[in-house]
Amino acid sequence: MKHLYLILLFFISTMAFSQQKTSAGEIEGLSVYPNPVTNGKVFIKTKDNSPKKIMIFDVFGGNLLETTILGSELNLANLDAGVYMIRIFEKDKVATRKLIVK
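Just so we're aligned: the sequence shown equals residues -18 to -1, 1 to 84 in mature numbering (1 follows the signal peptide of the UniProt record, and there is no 0).
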């Protein structure tokens, strides 16, 4: 019976977090390339091309990098090869993408 309560608690908490809305919408015209990153640089372009706050997380959710870029180029030379999540904030909008570094 304890296992059932634990599974039910996990399911409810997962549903609650997945339904949270963190922004007013998706960033228009967002492109993140090249993906996979091979030369240590990634380019992040949007329709507005406004300053962007960038956060990069490892697969465990640990925040590895937090910066703001004014243009479109982000230097990732200090990251080891692996799979990461990149969260991009521009004005009142946010987008999250998978990022692979080779």
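Just so you know, even glycine gets a beta-carbon here, dropped at the ideal spot from N, CA and C.
Mark Glu72 as exposed unless 16 or more other C-beta atoms lie within 10 angstroms of its C-beta, in which case mark it buried.
-> buried
Distance, Cα to Cα, Leu58 vs Ile9?
-> Looking at the two C-alpha atoms, the distance is approximately 22 Å.
Lys75 to Gly53, Cα distance in whole Å?
-> 17 Å
Among Pro18, Gly22, Leu12 and Ser13, the one whose alpha carbon lies nearest that of Leu61 | Gly22
Would you report the Cα separation of Ile82 and Pro33, rounded to the nearest angstrom?
-> 23 Å
In the structure shown, what three-state DSSP assignment does Asn31 receive?
-> coil
Rounded straight-line distance, which links the Cα of Met67 to that of Val41 = Taken atom to atom, the span from the alpha-carbon of Val41 to that of Met67 is near 7 Å.
Contacts around Gly7, its chain only, beta-carbon distance under 6 Å, and the 5 residues preceding and following it disregarded = Lys75
Whole-angstrom distance between Val24 and Gly11, CA atom to CA atom | 16 Å
When the distance is taken between beta carbons, is Glu55 closer than 7 Å to Met37?
-> no
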